[in-house]
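>
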Amino acid sequence: MITVGQILTFLNTLAPPSMKMDWDNVGLLCGDKNTPVTKILVALDPFYHVCREAEEIGAQLIVTHHPIIFRPLTHLTAEDATSRGIMLLCSKGISAINAHTNLDQAPSGVNDALAAALGLQDVQVLNPAGSDETGCPWGLLRVGAVEKQPLEDFLRLVKERLGCPGLRYTQGEGTVHRVAVGGGSCGSELPLVTAAGCDTFVTADVKYNDFWLAQEQGIHLIDAGHFYTENPVCTVLQRALQEKFPELSVVLSQSHRDCTNFFL
2 MITVGQILTF
12 LNTLAPPSMK
22 MDWDNVGLLC
32 GDKNTPVTKI
42 LVALDPFYHV
52 CREAEEIGAQ
62 LIVTHHPIIF
72 RPLTHLTAED
82 ATSRGIMLLC
92 SKGISAINAH
102 TNLDQAPSGV
112 NDALAAALGL
122 QDVQVLNPAG
132 SDETGCPWGL
142 LRVGAVEKQP
152 LEDFLRLVKE
162 RLGCPGLRYT
172 QGEGTVHRVA
182 VGGGSCGSEL
192 PLVTAAGCDT
202 FVTADVKYND
212 FWLAQEQGIH
222 LIDAGHFYTE
232 NPVCTVLQRA
242 LQEKFPELSV
252 VLSQSHRDCT
262 NFFL
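Using the numbering used here, read the sequence shown as starting at 2 and increasing by one per residue.
Structure (structure tokens):
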């Protein structure tokens with residue numbers, strides 16, 4: 002019998018909580034470590050529709066990147082979606098585990114998954130924050146290389162590989178070759194990317210001023226969307242959990258999605 006606690010222990014080896022940012026909230030945020038598990042639902046976000054999906058498919062555990070509880074709760078009522086999701090999980094005995102910034106920084110986490118999705122070669126951690134017990138460096142950003150190509154070709158690759166409906170970008174100088182990636186909101190890391198000699202940076206949630214700063218510094222800055230830059234790690238999590246616990250059913254959410262649209 003596999004329990005929530007055993008799965009939590011395994012996830013903590015993949016993305017140790019010690020790698021999280023100080024402000025973050027990770028781990029088992031809802032449920033009971035002793036609950037037996039036969040089915041796991043993996044998703045990027047633990048929104049209400051994902052909680053409903055877990056109930057509908059008979060999952061005892063949701064594993065997500067983003068936390069179901071981030072800021073301290075001031076109330077728990079049926080009047081907001083976050084509360085409804087938590088109330089649903091509690092009433093059905095479904096647990097929720099997340100790995101957030103620890104998974105962003107961990108080897109084989111969010112940003113290695115993004116680098117792999119974009120086909121980067123010779124991938125390294127940009128500005129490591131530390132190293133694990135094996136000496137493997139960890140940190141937020143990744144940097145790698147692609148065959149030299151025009152920006153337009155690389156934009157097309159990003160859009161196709163990540164499944165984005167569109168991209169926001171500013172054009173820097175020259176071709177695309179040395180590429181940094183930061184899944185989610187990493188636009189503030191632009192100075193590190195510039196200092197590392199990168200010509201291109203793929204991230205999300207980029208601010209207006211950061212686009213201008215990138216253009217002034219000759220960097221191609223691409224905003225591919227928060228969901229699309231982090232979603233590749235869900236497949237990594239699903240495969241890792243299925244390999245570790247072959248007796249369990251580990252399924253990717255069919256309801257998690259990006260809720261933003263482009264009107265062109």
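Glycine included, every Cβ here is placed at the ideal spot set by N, Cα and C. None of the values given here were measured: they were computed from a predicted structure.
#1: Using 8 Å for Cβ pairs, my map puts D211 next to V177. What's the rounded Cβ distance?
#2: Excluding sequence positions up to five away, which residues of its chain have a Cβ less than 7 Å from the Cβ of T171?
#3: Tell me whether I58 is buried or exposed, calling it buried when 16 or more other Cβ atoms sit within 10 Å of its Cβ.
#4: Any contact between the segment 103–123 and the segment 69–79? By contact I mean 3 or more CB pairs, one from each, below 8 Å.
#5: Would the beta-carbon of A107 fall within 9 Å of that of V144?
#6: Below 7 Å CB to CB, which residues in the same chain sit around G86 once its five sequence neighbours on both sides are set aside?
#7: Taking DSSP's pairing of strands, which residues face A97 in a bridge?
#8: Check the DSSP bridge columns for K40 and list the partner residues they point to.
#9: Taking 8 Å as the cut-off, does the segment 163–170 touch the segment 134–143 (at least 3 CB pairs, one atom from each stretch)?
#10: Helix, strand or coil for L89 per DSSP?
#11: Should T309 go down as buried or exposed, given a rule of 16 or more other Cβ atoms within 10 Å for buried?
#12: Could you round the C-beta distance between L9 and L29 to whole angstroms and report it? I think they count as a contact, below 8 Å.
#13: Using only the alpha-carbon positions, how far apart do L42 and V5 sit?
#14: Does the Cβ-Cβ distance between L62 and T83 come in under 9 Å?
#15: Looking at the strands, I want to know which residues DSSP matches up with T102.
#16: Would you please state the rounded distance, in angstroms, between the beta carbons of F11 and K245? I believe it to be under 8 Å.
#17: As a quick exercise: from V64, P129 and D105, pick the residue whose alpha carbon is nearest that of N99.
#18: Quick check on N262: buried or exposed, where buried means 16 or more other Cβ atoms within 10 Å of its Cβ?
#19: Give the secondary structure of K21 by DSSP, where H, G and I count as helix, E and B as strand, and everything else as coil.
#20: Hey, would you say A197 sits closer than 9 Å to A225, going by beta carbons?
#21: Taking all protein chains shown into account, do 16 or more other C-beta atoms lie within 10 angstroms of the C-beta of D81, making it buried, or fewer, making it exposed?
#22: Evaluate G184 with the Cβ neighbour count: other Cβ atoms within 10 Å of its Cβ, from every protein chain shown; 16 or more gives buried, anything less gives exposed.
From the atom records:
#1: That pair is no contact at about 18 Å.
#2: Excluding sequence neighbours, T171 sits near F212, A215, Q216 and L222.
#3: exposed
#4: no
#5: no
#6: Excluding the 5 residues flanking it on each side, G86 has same chain C-beta neighbours closer than 7 Å at P47, F48, Y49, C52 and I69, in chain order.
#7: C31 and I63
#8: S250
#9: no
#10: Note: L89 maps to helix in three-state DSSP.
#11: Nothing can be reported for residue 309, as the shown portion of the chain is limited to 2 through 265.
#12: 5 Å
#13: 13 Å
#14: no
#15: Partner(s): none; T102 has no beta bridge.
#16: Taking the Cβ atoms as the reference, F11 lies roughly 5 Å from K245, within the contact range of under 8 Å.
#17: V64
#18: exposed
#19: coil
#20: no
#21: The residue is exposed, with fewer than 16 neighbouring Cβ atoms inside 10 Å.
#22: buried
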